[in-house]
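Q:
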């Protein structure tokens with residue numbers, strides 16, 4: 199399987215659903231307590247931004263704008279982060 203296909207599968211079947219699950223958990227916590235803490239608001243914003251970035255990666259794949267080397271690097275970063283339970287999956291925020 200190509201690295202691009204592996205990345206696409208990893209993002210669409212694992213990482214993005216995990217982000218959606220975490221967002222659901224946060225919203226349930228907010229609903230239970232009837233208010234959102236600053237930490238919860240910040241985490242929601244970060245997760246939404248991260249999810250949007252990952253969706254951009256999927257769009258790049260769909261448009262053919264992803265090369266095998268870049269996909270391989272992203273797959274390695276994601277799998278390492280998943281093993282280490284790293285919340286940002288090795289992605290570095292760009293300025």
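Residue numbers (this note's numbering): 199 to 293.
The C-beta atom is built at its ideal place from N, Cα and C for all residues, glycine as well.
1) Considering only the beta carbon of each residue, do residue 206 and residue 259 sit closer than 8 Å?
2) Could you tell me if residue 269 is buried or exposed, where buried requires 16 or more neighbouring beta carbons within 10 angstroms of its beta carbon?
3) Would you say residue 221 and residue 245 are within 8 Å of each other, going by their C-beta atoms?
4) Taking the alpha helix (DSSP H) that residue 267 belongs to, which residues open and close that run?
5) By the three-class DSSP mapping on this structure, what secondary structure does residue 218 have?
6) For residue 234, which of helix, strand or coil comes out of DSSP?
7) Quick check on residue 200: does DSSP put it in helix, strand or coil?
A: Concretely, from the data shown:
1) yes
2) buried
3) yes
4) 266 to 282
5) helix
6) coil
7) coil
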